Amino acid sequence: MEEPSRVFLEVGPGRTLSTLAGMCQAELRKQGNEETFNQLIVPSLRHPDVDQDDTVFLLNTLGRLWMAGVEVDWNKFYENEKRRRIPLPTYPFERQRYWVERQVDVDSQTPSKSIILTKKPDISDWFYVPVWKQSILSEKSSDKEVQDNSCWLVFVDQSEFGKRLIKQLKDDNQNVVTVTAGSEFSRSKNHTFILDPTNREDYENLLKDLAVQGLVPDKILHLWGVTSMNNKPDKFKLLNETQNLGFYSLLYLAQAFGNQNMTDPVNLLVITNGMQNVLGEGVYFPEKATILGPCRVIPKEYSNVSCRSVDIQISELDSPGTDWLIKQIIQEASVNSTDEIVAYRNQFRWVQTWQTVHLNKKEDIPQRLRNNGVYLITGGLGGIGLSLAEYLAETVSAKLVLTARSSLPAKKEWEDWLNTHDDTDRTSERIRKIKKLEELGAEVMIVQADITNYEQMKKAVEQVQERYGTIHGVIHAAGIAGGGAIQLKSSQTASEVLAPKVIGTSVLTSLLDMNKLDFFMLCSSITSILGDFGQSDYCAANAFLDAFAQYNGFKNQPFIFAINWDAWGDVGMAVNTEVPKDILEQRLASLKEGILSSEGVEAFARVLDSNHHQVVVSTRDWLKRIEMTKAVLESRDGKSTYKTAATRFVKSAHSRPKLETEYVAPENEIEVSLAEIWQELFGIDKVGVHDNFFELGGHSLLATGVITRIRDTFQVEINLQSFFDKPTIAELSEIILEKLVEQEDSETLNQILAEIENESQE
């Protein structure tokens, strides 16, 4: 890429390679390499959200390549067709640069606004563990608020707890709609519904019916995570049922919010039991913890929804404390709070927080490692897996079993492969890594197996035991990066992200004698706690690992621990994950603050030598990162203390790119304001009313920034699905006008439009 006038064409679906090339290009530009400005990076197939004929898109791509100087075999192109082409004079292709400058907050009056978190130099300062502290509900939760005539939608559990809670609500003169899980959608006259938890359409039909009856809920209690503590069924059956009643249920409910254009404030409480380890009791149902993905991410993607996880104990429903707990749950749903994770134990309210722990370097190797030990590493050919393998090879001359879905050439073919492939070839990189492991004294066994496939993994474990005997330790590093807004996420896409960590862990613990292991390490992520936009599935998968590390279901408890890794700066998912081009600079800056491989293995060794079951490894101040995340949630009007990547740009004066649509200027005040918003976010001086958001380079993250600005400017709510269905200024203007008419009389409407016009003139 350092050479001038290079052209990069991605062949096939997706834009992963284009994004990777763009990241390299951005880094070279930052280093002052001007040659990159004459380079073209172009995909061959359209983005799914671009409304354009595939043939037209492909022809446009060919045209762009031709204009960039690529020689086209026109004889092949026009084969079997008659053309009467007349050569025209050549003309210069004027390349324009559309760079959106990052905004610098210079007008901040609040010190916290200008916080810039940098990497701490001492690894000892990177470690944090979860702790619980007693907390009380806000004073805003008054008896009067609870008695307001609200509409409560209750997803009823199979225990008596839900029935008693509903009775209390009705005694308080509340409107209550109940939903139970069944095989198909049905309704009765007394505000009772049955729906199939696995059917996305049932949730939408539920909200449609409630809207028709004037029963749009403003408080939702999701109790399907409250289950009996006895008679646990088959592990894998329980796993699937729990996901359907938990994670997928919340996913479908949120999507129904968007499809039904629910924009009024909603308080959503997700109630579980046996999911949190608060007082040292351990976790009884780690499979329930996937609900934390939607709980943490829904409020970031649906600005009108507040969501909280509340874990309870129901072992003594007849105790005097049950009535108190029921009233607390009702009050919990009646007050806004930034406490995302809450638990009730022994008539006390607890919230999860974090505490710094200093894990110092030791001269000796960790006590849980043994010389020539046998260690199974899932995802063993990935960046983090290979880094940890190298540490084990170097320190204890380990016998390493690396599992992966992909295969490598036979060992006798390695030299030929290396001689005939580029140094950057992924297979070549893996071969060189494995050869290095062997040079360090390790014996390496590579097994091709899908961690989610019980039979494949059973065969793999049998091969290991036949060759080495006992497995001494496990590092579960397999995983798939998630991504994408909830509104657009399919259950299939989400399941592919959940499976390696959730099903994979269950497969491993079913096949291995856990009581004989020296340790069982789970590679989790800080995403399970921060719950970033677009990461509901990945957040959920890692939340399961966090909970499983505190599972109390083994007879002789082995040392199970999870590390919530910060981004690794040179290997791993964070380096390889595709991101939108407009936040590449932010991603590269973040990776510079990330964990280097040498630092990661050192952090692993220190945690392995501790007795902590869950440890966050964050290169930057973790408590401040948590504070920044809460600050976003505290603002329900979109004017957060901390600006998101979607709004952290200033207006630039780049000319309008060539698009499929002709430029049509905005005419009314709404269109003018929308055009100004788009121009600022895209860094373009002219955006027409018929220009497609996605053709301009938009994506779901940037769309949330536009929606936030629309909410601030017009005081109306537009959901993500509506935005994607109407991705032009003209169409959005019509939606906004309809909403303004609905909520304002003509006099107020004229006043708002006048204010907007004045702002435009200013």
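For the sequence shown, the positions run 1 to 762 when our numbering is used.
Quick reminder that beta carbons are idealized off the backbone N, C-alpha and C, glycines included.
Computed from a prediction, not measured in an experiment: that's the story for all the values here.
- Comparing alpha-carbon positions, the option among Ile-330, Val-497, Leu-207, Phe-247 lying closest to Asn-173 turns out to be Ile-330.
- Note: Trp-568 is bridge-paired with Ile-595 in the DSSP secondary-structure output.
- Only residues of its own chain outside the window of five on either side were considered, and among them Arg-368, Gly-473, Phe-559 have a CB closer than 6 Å to the CB of Phe-519, listed in chain order.
- For Asn-453, the three-state secondary structure derived from DSSP is coil.
- Around the beta-carbon of Gln-550, 16 or more other beta-carbon atoms lie within 10 Å, marking it buried.
- In the three-state DSSP reduction, Ala-404 falls in the strand class (E or B).
- Around the Cβ of Gln-715, a 10 Å sphere holds fewer than 16 other Cβ atoms; the residue is exposed.
- In the structure shown, the three-state DSSP call for Met-445 is strand.
- Counted as a single uninterrupted DSSP element, the alpha helix (DSSP H) harbouring Ile-529 occupies residues 527-530.
- Excluding five sequence positions before and after Phe-554, the CB atoms of its chain that fall closer than 7 Å to its own CB belong to Met-514, Asn-515, given in chain order.
- Around the CB of Ile-116, fewer than 16 other CB atoms lie within 10 Å, so the residue is classed as exposed.
- A direct Cα-Cα distance of roughly 16 Å separates Asp-157 from Ser-309.
- Residue state for Ser-150 is assigned as coil, using DSSP reduced to three classes.
- For Phe-544, the number of other beta carbons within 10 angstroms of its own is at least 16, and it is reported as buried.
- Counting only the Cα atoms, Glu-184 lies some 41 Å from Thr-353.
- Close CB contacts of Phe-193 within its chain, under the 8 Å cut and outside five residues either way in sequence, are with Val-177, Thr-178, Val-179, Thr-180, Phe-185, Ser-186, Arg-187, Leu-206, Asp-209 (chain order).
- Inclusion of Phe-285 and Gly-274 in the CB contact set at 8 Å is warranted, their separation being smaller than that value.
- Around the beta carbon of Tyr-663, fewer than 16 other beta carbons sit within 10 angstroms, so the residue counts as exposed.
- For the pair Ile-384 and Trp-126, the CB atoms are not nearer than the 8 Å cut-off.
- With contacts defined as CB atoms closer than 8 Å, Thr-242 and Glu-287 qualify as a contacting pair.
- For Asn-261, DSSP assigns no beta-bridge partner whatsoever.
- Cβ-Cβ distances below 7 Å link Ala-478 to Thr-378, Gly-379, Ile-451, Pro-500, Gly-504 in the same chain, with the five nearest sequence neighbours on each side left out; the list follows chain order.
- In the three-state reduction of the DSSP assignment, Tyr-538 falls in the helix class, which pools H, G and I.
- Of the residues Cys-307, Pro-265, Ile-710, the one whose Cα lies closest to the Cα of Ile-291 is Cys-307.
- Tyr-203: member of the alpha helix (DSSP H) spanning 200-212, first to last residue.
- By DSSP's assignment, Trp-354 forms a beta bridge with Pro-130.
- Rounded to the nearest angstrom, the Cβ distance from Val-507 to Tyr-468 is 20 Å, too far for a contact under 8 Å.
- Excluding its 5 nearest sequence neighbours in each direction, Leu-737 has C-beta neighbours in its own chain below 7 Å: Ile-670, listed in chain order.
- Restricted to the region 239-298, the beta strand (DSSP E) segments that are unbroken, complete and at least 3 residues in length are 266-273, listed in chain order.
- Its Cα nearest to that of Val-216, the residue Met-262 stands out among Asp-54, Met-262, Asn-240.
- Residue pairing from DSSP places Cys-307 in a beta bridge opposite Leu-268.
- By the neighbour-count criterion, in which 16 or more other beta carbons inside 10 Å mark a residue as buried, Phe-236 falls on the exposed side.
- Taking 8 Å as the cut-off, the beta carbon of Leu-402 is found no closer than this to the beta carbon of Ala-393.
- The three-state reading of DSSP puts Lys-630 in helix, counting H, G and I together.
- For Lys-300, the number of other beta carbons within 10 angstroms of its own is at least 16, and it is reported as buried.
- When C-beta atoms of the region 673-680 are compared with those of the region 699-718, three or more pairs fall below 8 Å, so the two segments count as touching.
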